[in-house]
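Okay, so here's the structure we're looking at.
Protein chains: 2
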Amino acid sequence: MAHSDLLTVPFAGAPIFTRSRALRPTGKVLPEHARSHNRALVLQTLYSSGARSRADVSRETGLTRVTISDLVADLIAEGLVVELGQREAARPGKPATLIDVARDAFQIIGLDLSEHEVFRGAVTALDGTIAERIELARGGATGEAAALLVEQLVDRLLALATIPVLGIGVGSPGVVDPLGVVRSAPNLGWVDLPLQARLAARTELPVHVANDANVAILAEHGETAPGELLLIKVGHGVGAGLIVGGRPVIGGGFAAGEIGHVVVGTDGGPRCACGKDGCLEAWVAEPRLTAQLAAVGASRGSSVGAGDGDTDAAAAAARDEILREAGRRLGIVLAPVVGALNLTEVVLSGPADLLDGAFHEATVDTLRQRTMAELNRDLRLRMSEQAEDIVLRGAAVMVLSGQLGVS
Amino acid sequence: MAHSDLLTVPFAGAPIFTRSRALRPTGKVLPEHARSHNRALVLQTLYSSGARSRADVSRETGLTRVTISDLVADLIAEGLVVELGQREAARPGKPATLIDVARDAFQIIGLDLSEHEVFRGAVTALDGTIAERIELARGGATGEAAALLVEQLVDRLLALATIPVLGIGVGSPGVVDPLGVVRSAPNLGWVDLPLQARLAARTELPVHVANDANVAILAEHGETAPGELLLIKVGHGVGAGLIVGGRPVIGGGFAAGEIGHVVVGTDGGPRCACGKDGCLEAWVAEPRLTAQLAAVGASRGSSVGAGDGDTDAAAAAARDEILREAGRRLGIVLAPVVGALNLTEVVLSGPADLLDGAFHEATVDTLRQRTMAELNRDLRLRMSEQAEDIVLRGAAVMVLSGQLGVS
DNA sequence: GTTTGTTCGTAAGGTTTACTAACAAACGTG
DNA sequence: CACGTTTGTTAGTAAACCTTACGAACAAAC
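Just so you know, the sequences run in chain order A and B.
-16 is the number of the first residue of the first sequence in my numbering; add one for each residue after it.
-16 is the number of the first residue of the second sequence in my numbering; add one for each residue after it.
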């Protein structure tokens, strides 16, 4: 009973439910809402499975061919789906007319405001492929100046779009509420900035704004789609995005994933900018790591120099030790989260040259040592393969998901 | 747009969503499913608001009076709702006919298998009020013997029920999957025990089985119903129940909340039965605490003795220190979870004489010290008011929720 | 005592939605 | 070339909720 994920089916004596359904029905549901859901289901099916016939979609969704035809007619009329002509394959019966999401009819604009020095933006295809890219040096701008910079970035991206834009997705640092108000972003000096409303008013397009890590996890989730996923985003700060039960976690105060200032361990640690000792961010944020590495002389990137072998080896060992300790600290903080949520997959996103070696290993080892082995046997910790575009691509997914019900 | 919690509404150019909707539509939705949802909505409204007229329900739900009348007619025919006669109040207009959930027409059977020495069970009213109660000494029974004991308990409870039984709810220790198979419960020696199926076949009633802490949190959630809630259940072991985004968290391996064997801090700790040092359970499980308290001579419960004042005061101080340290350890483990999920409410369940003083204070203090103050300002940590019946009452809620869509 | 306005619950009819049944078109196969 | 298969559409039906309308019952005002 797949639909029980979405609707309660509360007959006395009815089959037992999966417990994934809503505990409290929140409002009425009309037949037209069911139709909207089925529309999204069709788009979802086409988007993830590629070009199909109406009959194929019917078989995959369980809806009848008639209903699919009807839904598809609406979608074609709206320009969201296109007919691609007849299927080539040699099969008995009337040849199928292939249909697909109108992948080339819309572009998406994505913004990544999470980096310290630059605001990044891109025009992408529906699948997240980046067509155009702009970086705008922030130059330390904060408050209204930073907001104006964002608007300028959007304007320039819109000018680069060659076809209609489906919507704008923004990954911002800080705490962002569901209405797209940046409640608090210390680095940018934003407090209660109605970014969604500002951009929507300016562009007259659908705009979605969310926390950068929560946006990034959408890019990751689009690929494998497990029910439980945690993404750790290491950059100027440390943030997390969470998907639990297949849904993004927002948090009671809209601050889910703000894990950077949780204290690690019980043995002190470096003094953090927030005043506490041993915050996760004080251990593993990028600036701190690079500074530490520089201090031991193992320069980041290529450590090739004129030094002799011994020095090189010693430097490499010192470098590994620093990264291993940082990875260990991340594992210490994650262990309770992994245990409590019984997570199956954790993804690391950030500079690969820092995270992808000793750091990664230490985090895995620490997680395994500090959680119950039998329960978390199939826990996977991996590096994100999305590199620096993860927020931009996640922003595209956010728009796609929000506007079409597709991911 | 309250319905967007349950159904996607994916028009291009449609209003911005709350992000609480499903990311991936999981299956088709038919009008009849909408009807089921609305049925549950009516029951929910009546259950939580008490006796109302059809017109009242119409106003509260947003459905028309006609539709409510139709749904209520069905529910009355099935015996789930009853008419109570006319409203007394002096108001203009035709007097309303009050209707309510048939609170006296069904009982629920709840089982709590989480205690070490006894299996507890109860016959409750729909609201969780306990009508009859049975405790069965386990006597160290494990495996099939323990399963037979559960069946015996159910039989005896069914015999005590005076009216039809809506269903059976079971809170079991260990890992329980959504189909009610106890995947693993070391204390009871259960591995892949299909408890739900066995009891359902034996009684021909709807049966719901879940982990004890996940059941307990339903009892707590019924009262305040915030979106995010964490319950820590301290007993022979330590377990947690989680509600995130209004939904119970199950976990990728169905082991969400199994936090007892997560290692606390970075300074070692007592050796745990699982072989690791410093597991949460080794710090704060009830047997360990009582043993420690006994060792310093501050006997649990009344510490009144023949000793002089100084000794008493010293013993009390030692006792407080033990509890404070345990509470601190709990706070250390919870801080990352609270931070990552941005939880608003944490509930402690267990022996109040252990948890409700220094322990509680230390946990709160530690949580505040180790998380970001601004984000978790409105975090509340409180003792459960449900005492020992929390699992039994949660089991009733689980049945109510599963069978009627009501909580 | 009558009138007026309000409220309740129901009845009738319409719209939306997805279903079943049936069919024409188009193709491969024997 | 006849036949079976597959596709997509047409036609009709059932379910679910809506709007509109109405009788019944009551309070308040006259």
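Beta carbons: idealized from backbone N, C-alpha and C, even for Gly.
- Following the DSSP letters along the chain, one finds Ile373 of chain B inside the alpha helix (DSSP H) bounded by residues 373 to 387.
- Between Gly322 of chain A and Glu241 of chain B, the beta carbon gap of about 6 Å places them in contact (Cβ cut-off 8 Å).
- Residues of the same chain with a CB within less than 6 Å of the CB of Ala79 of chain B, apart from the 5 flanking positions on each side, are Ser36, Arg70 in chain order.
- Within the segment 219 to 231 of chain A, the residues whose Cβ lies closer than 8 Å to any Cβ of chain B are, in chain order, Ala223, Leu225, Ile226, Val227, Gly228, Gly229, Arg230, Pro231.
- By the criterion of at least three beta-carbon pairs nearer than 8 Å, the segment 193 to 202 of chain A is in contact with the segment 357 to 375 of chain A.
- Listed along chain B, the residues sitting closer than 7 Å to Arg353 of chain A by beta-carbon distance are Val245, Val246.
- Judged by DSSP secondary structure, Asp95 of chain A falls outside any alpha helix (DSSP H) and instead within the beta strand (DSSP E) spanning 90 to 95.
- From the beta-carbon of Lys11 of chain B, the residues of chain A found nearer than 7 Å are His(-14), Asn21, Leu24, Thr44, Gly45, Leu46.
- One finds Gly235 in chain B with Cβ atoms closer than 8 Å to the Cβ of Pro209 of chain A, taken in chain order.
- For Glu269 of chain B, the enclosing alpha helix (DSSP H) begins and ends at 269 to 278.
- Contact of His16 of chain A with chain B is assigned, a C-beta pair being separated by under 9 Å.
- Taking a C-beta distance under 9 Å as the contact criterion, Leu201 of chain A and Gln179 of chain A do not qualify as a contact pair.
- Taking a contact as a CB-CB distance under 8 Å, the pair Ile215 of chain B and Ser332 of chain B counts as one, their CB atoms being some 7 Å apart.
- Distance from the CA of Pro14 of chain B to the CA of Gly210 of chain B, rounded to the nearest whole angstrom, comes to 28 Å.
- Neighbourhood of Asp250 of chain B in chain A, by CB distance below 9 Å: Gly248, Thr249, Asp250, in chain order.
- For the segment 69 to 80 of chain B, the set of residues with a beta-carbon nearer than 7 Å to any beta-carbon of chain A is empty.
- Lys216 of chain A is outside the set of residues whose beta carbon lies under 9 Å from a beta carbon in chain B.
- Contact of Ile315 of chain B with chain A by beta-carbon distance below 9 Å involves Val246, Gly248, Thr249, Pro319.
- With a contact defined as Cβ atoms closer than 8 Å, Val330 of chain B and Ser367 of chain B qualify at about 5 Å.
- Every unbroken stretch of the beta strand (DSSP E) spanning 3 or more residues and falling wholly within the segment 49 to 123 of chain A is given here in chain order: 64 to 69, 80 to 84, 90 to 95, 101 to 107, 113 to 120.
- Your pair Val137 of chain A and Thr186 of chain A checks out as a contact, with CB atoms roughly 6 Å apart and the cut at 8 Å.
- Straight-line measurement puts the Cα of Pro147 of chain B at about 32 Å from the Cα of Phe237 of chain B.
- Counting along the chain, Ser41 of chain A sits inside the alpha helix (DSSP H) bounded by residues 37 to 44.
- DSSP places Leu338 of chain A inside the alpha helix (DSSP H), whose first and last residues are 335 to 338.
- Residue environment: Gly111 of chain A is assigned as buried (16 or more neighbouring CB atoms within 10 Å of its CB, all protein chains considered).
- Contact annotation: in the segment 102 to 124 of chain B, no residue has its CB less than 8 Å from a CB in chain A.
- The alpha-carbon of Ala120 of chain A is positioned some 34 Å away from that of Glu344 of chain A.
- Val84 of chain A sits buried, since 16 or more C-beta atoms from the chains shown fall within 10 Å of its C-beta.
- If you compare the alpha carbons of A:Pro177, A:Val65, A:Pro156 with that of Ala168 of chain A, the shortest gap goes to A:Pro156.
- One thing to note: Gly252 of chain A has its Cβ within 9 Å of the Cβ of Trp266 of chain A.
- For Asn194 of chain A, the uninterrupted beta strand (DSSP E) segment begins and ends at 190 to 194.
- Only Thr327, Glu328 from the segment 327 to 342 of chain B bring a Cβ to less than 8 Å from some Cβ of chain A.
- Put simply, the CB of Gly322 of chain B is near chain A, with a gap under 9 Å to one of its CB atoms.
- Boundaries cannot be given for Asp260 of chain B, as no alpha helix (DSSP H) includes it and DSSP labels it neither H nor E.
- Here His191 of chain A is buried. Its C-beta has 16 or more other C-beta atoms within 10 Å.
- With a threshold of 9 Å between beta carbons, Leu358 of chain B makes contact with chain A.
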